[in-house]
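J.: Quick one: structure below, then a few questions.
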Amino acid sequence: MTLPLDDLRSAVGAEHVLVDADLTRSYESDWTGRFSGRAGCVVRPSSTAEVSEVLRICDAAGVPVVVQGGNTGLVGGGIPAGGEVLLSLTRLDSLGEVDVAAAQVSAGAGVTLSSLQAAARAAGLDFGVDLAARDSATVGGLVATNAGGIRVLRYGSMRAQLLGAEAVLADGSVVSRMAGLAKDGTGYDLVSLLCGSEGTLGVVTAVRLRLVPRVTARCVALLALSSTQAAVDLLPGLRDRLPSLAGAELVFADGIALVRKHSGLPAPFDEEHPAYLLLECADRVDPTDALVEAVSSAEGLLDARVASDAAGQRALWAYREQHTEAINAEGVPVKLDVSVPLRSLPSLVAALPETVRAVAPDARLVVFGHVHEGNLHVNVLDAGPLDEEVTDAVLRLVASLSGSISSEHGVGRAKVEWLGLSRSATEIAAMRAIKDALDPRGTLNPGVLLP
Ligand SMILES: Cc1cc2nc3c(=O)[nH]c(=O)nc-3n(C[C@H](O)[C@H](O)[C@H](O)COP(=O)(O)OP(=O)(O)OC[C@H]3O[C@@H](n4cnc5c(N)ncnc54)[C@H](O)[C@@H]3O)c2cc1C
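Residue numbers (the working numbering): 199 to 649.
Now the structure itself:
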């Protein structure tokens with residue numbers, strides 16, 4: 199494949215077309231080290247107009263394009279398979295002024311989540327999505343994956359924050375819906391369609407986002423529980439009694455042990471327990487009393503720690519948030535992010551060890567999740583050459599429980615083969631028809647999401 203390098207240099211400036219392996223390397227492998235591939239070149243536009251020109255050139259030349267934001271994705275969707283133009287959006291990092299009256303802001307695709315959060319907070323508001331990769335993940339990537347994270351329980355995932363978007367289609371044409379209308383009944387919702395499309399339908403260059411009220415009085419509790427079922431059983435009561443509930447995260451003893459091994463954190467309790475639920479409440483007035491009252495007589499509660507001060511809260515959150523880094527420090531994991539109907543979550547947790555052991559006897563399993571969404575992050579270390587077999591066994595177990603093979607990370611390259619476990623042939627054909635209509639030459643992210 200001959201790359202139109204001169205045309206690309208004219209479009210974005212020669213210094214923003216990288217071909218030297220030393221310069222392209224950091225774009226060519228993912229955060230986990232599981233996915234890597236050589237790009238033909240890396241192109242770094244700085245505006246929607248430049249993105250449009252790059253796509254027009256590549257589409258006309260029949261050159262495939264891989265789209266990348268902060269490269270924190272965990273399913274290989276932003277990593278080249280070999281030879282593509284890698285389009286990095288990180289230079290589109292302009293952030294508009296916060297519209298306090300409308301509680302909205304416009305952000306370029308390359309703005310990081312933490313920059314967005316800081317701008318919202320400086321204006322007395324906040325952003326509804328939060329996740330541990332906040333310092334690198336970009337709003338373009340968050341939209342493309344319909345990212346979830348630790349506040350979905352309160353504010354929904356990325357789609358719920360999205361009021362508008364500007365995007366460049368494969369042929370270079372631009373669609374722009376950035377007015378931030380609270381209601382708009384004029385036909386197909388293209389903005390929503392782009393959300394979760396993993397860079398296969400268009401390149402998001404800017405977004406208009408909803409902001410949420412800023413609540414600064416917080417309380418975090420780590421509950422030791424007798425079982426996963428006890429954690430699930432707690433949820434209806436918590437929803438009823440704690441309108442301030444903002445997060446409910448499930449972790450287990452082996453995950454905490456791994457976090458402690460790599461962070462030096464002390465043990466949270468004197469002894470290990472079957473399951474742990476990390477709860478966060480956020481309100482205008484201190485929610486500590488309400489949280490303590492709501493959980494103190496909970497069935498299956500074995501022990502608890504509560505933190506009302508910021509340092510104590512950070513320390514409790516560390517047991518959950520450092521899971522991904524601790525797992526990665528042990529080796530390259532098979533990472534599967536799944537969800538099942540909430541009532542089936544205990545069955546999934548119970549069945550996983552035997553399911554993994556049956557195909558990879560020496561593998562180590564570490565799971566944690568956003569309990570409210572029936573979500574589980576399934577990490578398998580030391581699977582060796584059996585990663586495909588492990589993936590297959592776990593995803594089939596999830597499908598047998600009427601679950602989804604991707605809860606929030608997307609399908610990427612990692613799970614394309616298994617898409618049919620979660621979507622019917624008719625649905626996949628409809629998705630393919632949309633893809634073919636918007637990107638007839640298959641320029642954008644080939645091999646991602648759709649077989
Ligand atoms: C420590 C850690 C914790 C995480 N926790 C969570 C979590 O709790 N919840 C969660 O949902 N995810 C989580 N993730 C995954 C990841 O952060 C999200 O998927 C995030 O949305 C990716 O954003 P990014 O900018 O890094 O995108 P990238 O990794 O660069 O790309 C991800 C996908 O989006 C596409 N894409 C990127 N930018 C654009 C664009 N502008 N237009 C069109 N397509 C684009 C890419 O082609 C690719 O398919 C975590 C990751 C890490 C490393």
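The C-beta atom is built at its ideal place from N, Cα and C for all residues, glycine as well. Since the model is a prediction, treat every value here as computed from it, not as a measurement.
Could you tell me the distance, in whole angstroms, from the CA atom of D481 to the CA atom of D637?
T.: 45 angstroms
J.: In or out: T200 buried (at least 16 other Cβ within 10 Å) or exposed?
T.: exposed
J.: Please state the DSSP three-state secondary structure of R289.
T.: coil
J.: Can you tell which of R232, L448 and R639 has the C-alpha that lies nearest to the C-alpha of P544?
T.: L448
J.: Could you round the C-beta distance between V389 and R375 to whole angstroms and report it? I think they count as a contact, below 8 angstroms.
T.: 6 angstroms
J.: Classify G221: buried if its beta carbon has 16 or more other beta carbons within 10 angstroms, exposed otherwise.
T.: Checking the sequence shown, residue 221 turns out to be Leu, not Gly. It counts as exposed.
J.: Comparing alpha-carbon positions, which option in S442, D580 and D452 lies nearest R416?
T.: When only C-alpha atoms are compared, the closest one is S442.
J.: Is any heavy atom of ligand 1 found at a distance shorter than 7 angstroms from the C-beta of N269?
T.: True, at least one ligand heavy atom lies under 7 angstroms from that Cβ.
J.: Since K633 is in the alpha helix (DSSP H), which residue starts that stretch and which ends it?
T.: A623 to L636
J.: Give a single yes or no on whether A342 has its beta carbon closer than 7 angstroms to a heavy atom of ligand 1.
T.: yes
J.: Taking the continuous alpha helix (DSSP H) assigned at S224, which residues delimit it?
T.: For S224, there is no enclosing alpha helix (DSSP H), as DSSP marks it with neither H nor E.
J.: Taking 7 angstroms as the cut-off, is the beta-carbon of S334 closer than that to any non-hydrogen atom of ligand 1?
T.: yes
J.: Since I believe R349 is in contact with G445 (beta carbons under 8 angstroms), could you give me their beta-carbon distance rounded to a whole number of angstroms?
T.: Between R349 and G445 the Cβ distance is about 6 angstroms, and since that is below 8 angstroms, they are a contact.
J.: I want to check one thing, is the minimum distance from the CB of E396 to the heavy atoms of ligand 1 below 7 angstroms?
T.: yes
J.: Taking Cβ positions, are V366 and V401 nearer each other than 8 angstroms?
T.: Result yes, Cβ atoms of V366 and V401 sit closer than 8 angstroms.
J.: Using a Cβ distance threshold of 8 angstroms, determine whether the stretch 564-572 contacts the stretch 419-436, with at least three qualifying pairs required.
T.: yes
J.: The beta strand (DSSP E) with N573 in it runs from where to where?
T.: N573 to L579
J.: What residues match up with D535 in a beta bridge as DSSP calls it?
T.: H575
J.: For H460, verify whether its CB is less than 7 angstroms away from any heavy atom of ligand 1.
T.: no
J.: Nearest CA to the CA of L595: which residue from M629, A556 and A581?
T.: A556
J.: Name, in chain order, the residues that DSSP records as bridge partners for H568.
T.: E447
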